[in-house]
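Presented below is the structure to which this report refers.
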Amino acid sequence: MKKIFGRPDGLTDTLLRYCPGCGHGIVHRIIGDLLVTLNIRERAVGIAPVGCSVFADEYFNCDMIQPPHGRGPAVSTGIKRSRPDCIVFSYQGDGDLAAIGTAEIIHAGARNENITIIFINNAIFGMTGGQLAPTTLPGMKSTTSVQGRDIEKQGYPIKVCELLSGLDGPYYLERCAVDTPKNIIKTEKAIKTAFKNQIDNKGFSMVEILSMCPTGWGKTPIQAKKWITDVMAQYYPLGVFCDRSKEEK
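This note's numbering numbers the first residue of the sequence shown as 1 and each following residue consecutively.
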């Protein structure tokens, strides 16, 4: 019998440790597929995050490095500058990128470093118990905002794509989601574009992905997907925020 579907060679055979309904597995598969279809797996270097996907170095079938919390863009910069032949991607969550790593992502973008950032936004600190994150929505409940995020006390969420789009450096910024098949296809296209930009030496590309966290949100997987569509994507609108390839035409 002909095999028509299976685990891509860009992923190892290691069993994923994610909760049922989590979006990390979907994004992992997309990246694993692209490492092969773009023929970059042998020269790819992934930067594993600190967070729920901390074991990404066990999942992706390419060279991986585990840096300190939030330092993915800085480590990516060092690798890319010393080995420009490598394709470097930093896989980060909202706590890793938008909290402790805020300075690193801003300055890497401002310098237009020729790296690829995959930013998973699930609006919460998932691994450490569901605490309020920089991306937690106004009124959203967490273990440290049990009555909902109060903007007078905790401020407003950080919209990373909008923040970076105000810089002159970034080449490509897009926000996607993995809540529906249609959006998953768009996410794959965006990540492919981000990788191709690096292959073509265009500069800094980041794809922000709205991802489900049923456990942290206290929802079923189906409810979590619907919440992204009905609520989260209204606050974090999907779309392209910067694409300098259009300026080159």
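Yeah, the Cβ is synthetic: ideal placement off N, Cα and C, and Gly gets one too.
Would you tell me roughly how many angstroms separate the C-alpha atoms of residue i and residue j, rounded to the nearest one?
i           : j           : result
residue 166 : residue 204 : 14 Å
residue 77  : residue 108 : 7 Å
residue 57  : residue 88  : 13 Å
residue 91  : residue 152 : 32 Å
residue 191 : residue 74  : 20 Å
residue 66  : residue 181 : 31 Å
residue 51  : residue 110 : 25 Å
residue 16  : residue 228 : 23 Å
residue 144 : residue 217 : 13 Å
residue 209 : residue 158 : 14 Å
residue 168 : residue 106 : 11 Å
residue 135 : residue 83  : 33 Å
residue 40  : residue 230 : 36 Å
residue 163 : residue 7   : 36 Å
residue 184 : residue 176 : 8 Å
residue 129 : residue 247 : 44 Å
residue 225 : residue 81  : 39 Å
residue 24  : residue 5   : 19 Å
residue 154 : residue 104 : 22 Å
residue 79  : residue 64  : 11 Å
residue 97  : residue 215 : 21 Å
residue 99  : residue 207 : 17 Å
residue 142 : residue 59  : 29 Å
residue 131 : residue 139 : 14 Å
residue 70  : residue 156 : 21 Å
residue 85  : residue 116 : 14 Å
Taking the alpha-carbon of residue i as reference, which of the options has the nearest alpha-carbon?
i           : options              : result
residue 43  : 198, 239 and 208     : 198
residue 240 : 171, 59 and 225      : 171
residue 213 : 40, 174 and 53       : 53
residue 233 : 75, 178, 134 and 106 : 178
residue 148 : 124, 71, 243 and 184 : 124
residue 242 : 160, 215 and 211     : 160
residue 186 : 138, 238 and 146     : 238
residue 13  : 116, 32 and 69       : 32
residue 9   : 85, 99, 36 and 193   : 36
residue 193 : 69, 245 and 150      : 245
Please state whether the Cβ-Cβ distance between residue i and residue j is less than 8 Å.
i           : j           : result
residue 114 : residue 201 : yes
residue 118 : residue 27  : yes
residue 195 : residue 11  : no
residue 101 : residue 72  : yes
residue 61  : residue 236 : no
residue 94  : residue 48  : no
residue 30  : residue 188 : yes
Could you check if residue i belongs to the surroundings of the ligand ZN, using beta carbon to heavy atom distance under 7 Å?
i          : result
residue 23 : The ligand content of the structure shown is nil, which means the ligand ZN is not present either.
Going residue by residue through the stretch 130–190, where are the continuous beta strand (DSSP E) segments of at least 3 residues, counting only ones entirely within it? Within the stretch 130–190, the complete beta strand (DSSP E) runs of at least 3 residues are 172–177.
Identify every run of the beta strand (DSSP E) within the stretch 44–130, keeping only runs that are complete inside it and at least 3 residues long; order them along the chain. DSSP runs (the beta strand (DSSP E)) wholly in the stretch 44–130: 44–47, 63–65, 87–93 and 116–121.
Segment contact flag, the stretch 16–24 with the stretch 213–223, C-beta cutoff 8 Å, min 3 pairs: Taking 8 Å as the limit for Cβ pairs, the verdict is that the stretch 213–223 does touch the stretch 16–24.
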